[in-house]
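Here is the structure we will look at, set down as structure tokens.
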Amino acid sequence: MRVEEFIPTQQFKAIENGTVCCTAPSNIALVKYWGKKTHQIPANPSISFTLNNCKTTTILKYKVKPSKGLSFEVFLEGKPKEDFKPKIQQFFERILIYAPYLETHHFQIETSNTFPHSSGIASSASGMSALAMCLVQLERLLYPDSDAAFLKHKASFLARLGSGSACRSIEGGLVVWGKHKGISGSSDLQGLKFPSEVHAVFQDYQDAILLVDKGEKQVSSSVGHNLMHQHPFATQRFEQAHAHLDQLIPILKNGDLPSFIKIVELEALTLHAMMMCSDPYFILMKPNTLEIINALWAFRKASKIPVCFTLDAGANVHVLHPKKYASKVNEFISIKLANYCQNKHYILDSVGKGAESIEF
Ligand code: PMV
Numbered sequence: 004m005r006v007e008e009f010i011p012t013q014q015f016k017a018i019e020n021g022t023v024c025c026t027a028p029s030n031i032a033l034v035k036y037w038g039k040k041t042h043q044i045p046a047n048p049s050i051s052f053t054l055n056n057c058k059t060t061t062i063l064k065y066k067v068k069p070s071k072g073l074s075f076e077v078f079l080e081g082k083p084k085e086d087f088k089p090k091i092q093q094f095f096e097r098i099l100i101y102a103p104y105l106e107t108h109h110f111q112i113e114t115s116n117t118f119p120h121s122s123g124i125a126s127s128a129s130g131m132s133a134l135a136m137c138l139v140q141l142e143r144l145l146y147p148d149s150d151a152a153f154l155k156h157k158a159s160f161l162a163r164l165g166s167g168s169a170c171r172s173i174e175g176g177l178v179v180w181g182k183h184k185g186i187s188g189s190s191d192l193q194g195l196k197f198p199s200e201v202h203a204v205f206q207d208y209q210d211a212i213l214l215v216d217k218g219e220k221q222v223s224s225s226v227g228h229n230l231m232h233q234h235p236f237a238t239q240r241f242e243q244a245h246a247h248l249d250q251l252i253p254i255l256k257n258g259d260l261p262s263f264i265k266i267v268e269l270e271a272l273t274l275h276a277m278m279m280c281s282d283p284y285f286i287l288m289k290p291n292t293l294e295i296i297n298a299l300w301a302f303r304k305a306s307k308i309p310v311c312f313t314l315d316a317g318a319n320v321h322v323l324h325p326k327k328y329a330s331k332v333n334e335f336i337s338i339k340l341a342n343y344c345q346n347k348h349y350i351l352d353s354v355g356k357g358a359e360s361i362e363f
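If you use this note's numbering, the sequence shown corresponds to residues 4 to 363, in order.
Pasting the structure below:
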């Protein structure tokens, strides 16, 4: 789709007030998005598993107001959350052209997460996709002729403008974002449910999220993305992401786990290597991140279980494995790896179905 297709051309129906509610999950990238152009256009394509248990639920209350302009309040777990406002203000300003009703209504945004806010798990993917889903639910009411498939694309398109990777949380299973020559329909503008055949092993893949560091990140993702602009290895990195997606397409079909593991771990370490050789350079891994990786490699060698790790832009480790090994992997996590987590805290998650609207 083209950007212009997301700009409404008709006048919307007048609805005095009401409430919509949606839930959206987090996602974990296998091929990473790191580096962007203007308007949240990714420098390379990425692919992720949508998760199931780490979710945000957002209730959006709307009321027509007499004068035009953006006006909203935000609550997290029932309490006013002033520090969320600048990011939402920026999001609303960016998407106003696609959602003109934002100016004619006052909004109350009530949000809650299934995971603790201070867990080090980024809530921006689930939070922005839940809010974008709420907005398209409202749009469905304001423009009753809207097509359901179009609105799903639009939810992902809007979510991208809130937080890039959020656009991969609308659909379930495997989601691609960013134009890739081997994936028909892939787009820089929105996420696409991976359109090719997927082996049964990946349908219910498990992700145990080990919470190594629950603190605020020292360097935000936005700063990290921007550092890819003058990065000495940027071109090679973006080419590598394309090549990894090329290689993953047959692997996702035939379930070749050793090849899957090699790409996923190389992607995680390349992401952090890019951070370590940015100017200025930075390190988001902690000593316990490396302890976990080494212990996991030793466990994989000894047990022959095809378990691997990936990392997002932080110190936490995602332990990915097929469901049939879940009890053995979880036992290893509770006995050994939990000792490297803050307060022994970890979250068991798996591939999920994506964002949903909830009757309110
Ligand atoms: O969506 P952002 O701007 O928070 O960036 C996410 C970047 C990574 O999590 C590191 C990689 C990815 O593709 O999700």
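C-beta atoms are modelled at their ideal positions from N, C-alpha and C, and glycine is treated no differently.
Quantities reported herein were computed from a predicted structural model and do not represent experimental measurements.
Spatial distance of residue i from residue j (CA atoms)
i, j, result
"K68", "S223", "35 Å"
"S51", "R240", "18 Å"
"A151", "F335", "44 Å"
"C57", "L195", "21 Å"
"E106", "R163", "20 Å"
"P253", "F197", "12 Å"
"T59", "S132", "9 Å"
"H232", "F363", "44 Å"
"D352", "V322", "10 Å"
"Y208", "R171", "17 Å"
"K307", "L260", "12 Å"
"P290", "V267", "21 Å"
"Q13", "V139", "15 Å"
"L287", "T273", "13 Å"
"M279", "F285", "5 Å"
"V320", "E219", "16 Å"
"Q93", "L230", "21 Å"
"A298", "V332", "12 Å"
"K157", "F302", "43 Å"
"F15", "H120", "36 Å"
"E96", "L63", "17 Å"
"V226", "D282", "11 Å"
Closer than 7 Å to chain D by CB, residue i
i, result
"Q43", "Although the question refers to chain D, the structure presented lacks it and comprises just one protein chain."
Cβ neighbour criterion (16 or more within 10 Å) applied to residue i
i, result
"R5", "exposed"
"E270", "buried"
"K71", "exposed"
"D210", "buried"
"D315", "buried"
"E142", "buried"
Residue i CB to nearest heavy atom of the ligand NAD below 6 Å
i, result
"S199", "Absence of the ligand NAD from the depicted structure is noted, with the ligand PMV being the only ligands included."
Check your reading: residues with Cβ closer than 5 Å to the ligand PMV heavy atoms: Every residue with a CB closer than 5 Å to a heavy atom of the ligand PMV is listed here in chain order: A32, K35, Y36, S49, S166, G167, S168, S224, D315 and A316.
Whether or not the stretch 22-30 and the stretch 72-89 are in contact is what I'm after, with contact meaning three or more pairs of Cβ atoms, one per stretch, closer than 8 Å; do they touch? Per the Cβ contact rule, the stretch 72-89 is not in contact with the stretch 22-30 (fewer than 3 Cβ pairs under 8 Å).
Decide yes or no for the touch test of the stretch 140-149 against the stretch 177-196: beta carbon pairs closer than 8 Å, at least 3 of them. Because the criterion of three Cβ pairs below 8 Å is not met, the stretch 140-149 and the stretch 177-196 do not touch.
How do the stretch 33-44 and the stretch 155-169 stand: do at least 3 beta-carbon pairs fall below 8 Å, yes or no? Yes, since at least three Cβ pairs between the stretch 33-44 and the stretch 155-169 fall closer than 8 Å, the two stretches touch.
Which ranges does the alpha helix (DSSP H) cover as unbroken runs of at least 4 residues, wholly within the stretch 275-324, from first to last along the chain? With a minimum length of 4 residues, the continuous alpha helix (DSSP H) runs that stay inside the stretch 275-324 are 290-306.
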